[in-house]
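J.:
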Amino acid sequence: MAIREILTAPDLRLKQKSKPVEGPVTDAHRALMDDMLETMYAAPGIGLAAIQIGEPLRIIVMDIAKDGEAKAPRYFVNPEIVWTSEETAPYEEGCLSVPEIYDEVERPARVKLRYLNYAGEVVEEEAEGLFAVCIQHEMDHLEGVLFIDHLSRLKRENALRKLKKARKLAALEA
Ligand code: K2U
Ligand code: ZN
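All residue numbers for the sequence shown refer to the working numbering, where the first residue is 67 and numbers rise by one.
1) I'd like the ranges of any beta strand (DSSP E) spanning at least 3 consecutive residues and lying wholly in the region 128-185.
2) Flag this pair as yes or no: are the beta carbons of A131 and I72 separated by less than 8 Å?
3) Would you call the CB atoms of S163 and Q118 closer than 8 Å?
4) Would you tell me roughly how many angstroms separate the C-alpha atoms of F142 and H95, rounded to the nearest one?
5) Are the Cβ atoms of V204 and M128 separated by less than 8 Å?
6) When you compare only the Cα positions, how much space is there between M102 and G113?
7) Do the region 218-225 and the region 193-210 touch if we need at least three Cβ pairs shorter than 8 Å?
8) Express the C-alpha separation of E239 and L182 in angstroms, rounding to a whole number.
9) Quick check: is any heavy atom of the ligand ZN less than 7 Å from the C-beta of C161?
10) Among A138, P139 and M99, which has the Cα closest to the Cα of P122?
11) Can you list, in chain order, the residues of its chain with a C-beta nearer than 8 Å to that of E191? Leave out the 5 residues immediately preceding and following it.
12) On the three-state DSSP scale, how would you describe I72?
13) Would you report the Cα separation of A75 and A175, rounded to the nearest angstrom?
14) Report the residue from E104, P165, T154 and S151 whose alpha carbon sits nearest the alpha carbon of A138.
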């Protein structure tokens with residue numbers, strides 16, 4: 067297992083549409099998911115899409131267990147949202163690829179998912195609460211969409227200006 071570099075906006079690779087895993091879930095895909103999970107825990111975060119470590123594949127990992135609870139890693143290969151509730155809910159989101167920026171995003175409160183798990187088996191389940199927020203946030207990554215793309219133009223431009231300034235400062239200090 068390895069901790070990988072997390073890409074940060076405005077890296078254009080984050081805007082790619084990720085490709086489905088073709089054929090069965092292989093040991094190579096599982097090794098990638100292991101790296102993603104180790105990288106996510108080290109960040110720390112509660113979700114990560116493969117594109118965030120530069121791999122444009124439709125793979126997501128997640129662990130929404132609370133501090134002090136046993137870890138509960140989740141793996142999603144070729145995830146699809148097959149139903150969304152009309153009811154929506156706001157949530158103060160952040161993103162490991164958009165550091166130090168937080169803002170409220172409104173999303174469907176409940177979604178129904180279909181995906182392949184770590185073993186490559188088909189799973190269908192409903193998500194609500196933080197699980198629903200996180201999976202929709204990660205599914206956006208698979209489409210090259212960041213949570214700041216859901217904000218007003220002014221808020222998005224302010225966020226990108228802050229990220230570019232932080233990147234310049236980091237380069238000066240390197
Ligand atoms: O995509 C990512 O960078 C992972 C996010 C997942 C996430 C974003 C918004 C709302 C819930 C989950 C990171 O874990 S960001 C850190 C974080 C942790 C808890 C709540 C919000 C943000
Ligand atoms: Zn994110």
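Where is the CB? At the ideal position from N, CA and C, for every residue including glycine.
T.: Taking the definition as stated:
1) DSSP assignment within the region 128-185 yields the following whole beta strand (DSSP E) runs of 3 residues or more, N-terminal first: 140-150, 154-159, 169-174 and 176-182.
2) Within the sequence shown, residue 131 is the residue found at index 65, counting from 1. Within the sequence shown, residue 72 is the residue found at index 6, counting from 1. Contact: no.
3) Mapped onto the sequence shown, residue 163 falls at position 97. Mapped onto the sequence shown, residue 118 falls at position 52. Yes. Within cutoff.
4) What you label residue 142 is simply residue 76 of the sequence shown in a count that begins at 1. What you label residue 95 is simply residue 29 of the sequence shown in a count that begins at 1. Going from the Cα of F142 to the Cα of H95 covers about 11 Å.
5) In the sequence shown, the residue the question calls residue 204 occupies position 138. In the sequence shown, the residue the question calls residue 128 occupies position 62. It is worth fixing the name first, because residue 204 is Glu in this sequence and not Val. Going by C-beta atoms, E204 is nearer than 8 Å to M128.
6) Position 36 of the sequence shown, counted from the start, is the residue given in the question as residue 102. Position 47 of the sequence shown, counted from the start, is the residue given in the question as residue 113. Approximately 9 Å, taken between the alpha carbons.
7) no
8) Translated into positions along the sequence shown, residue 182 becomes position 116. Translated into positions along the sequence shown, residue 239 becomes position 173. The alpha-carbon atoms of L182 and E239 are separated by roughly 43 Å.
9) The sequence position of residue 161 within the sequence shown is 95, counting from 1. Yes, the ligand ZN has a heavy atom inside 7 Å of this Cβ.
10) Sequence index remark: in the sequence shown, residue 122 carries index 56 (1-based). That would be M99, whose Cα lies nearest to the Cα of P122.
11) Numbered from 1 along the sequence shown, position 125 holds the residue referred to as residue 191. Excluding positions up to five away in sequence, the list reads K178 and L179.
12) By 1-based counting over the sequence shown, the position of residue 72 is 6. In this structure, I72 counts as coil in the three-state DSSP scheme.
13) In the sequence shown, counting from the first residue as 1, residue 75 sits at position 9. In the sequence shown, counting from the first residue as 1, residue 175 sits at position 109. Distance between the alpha carbons of A75 and A175: 27 Å.
14) One-based indexing of the sequence shown puts residue 138 at position 72. Out of E104, P165, T154 and S151, E104 has the C-alpha closest to the C-alpha of A138.
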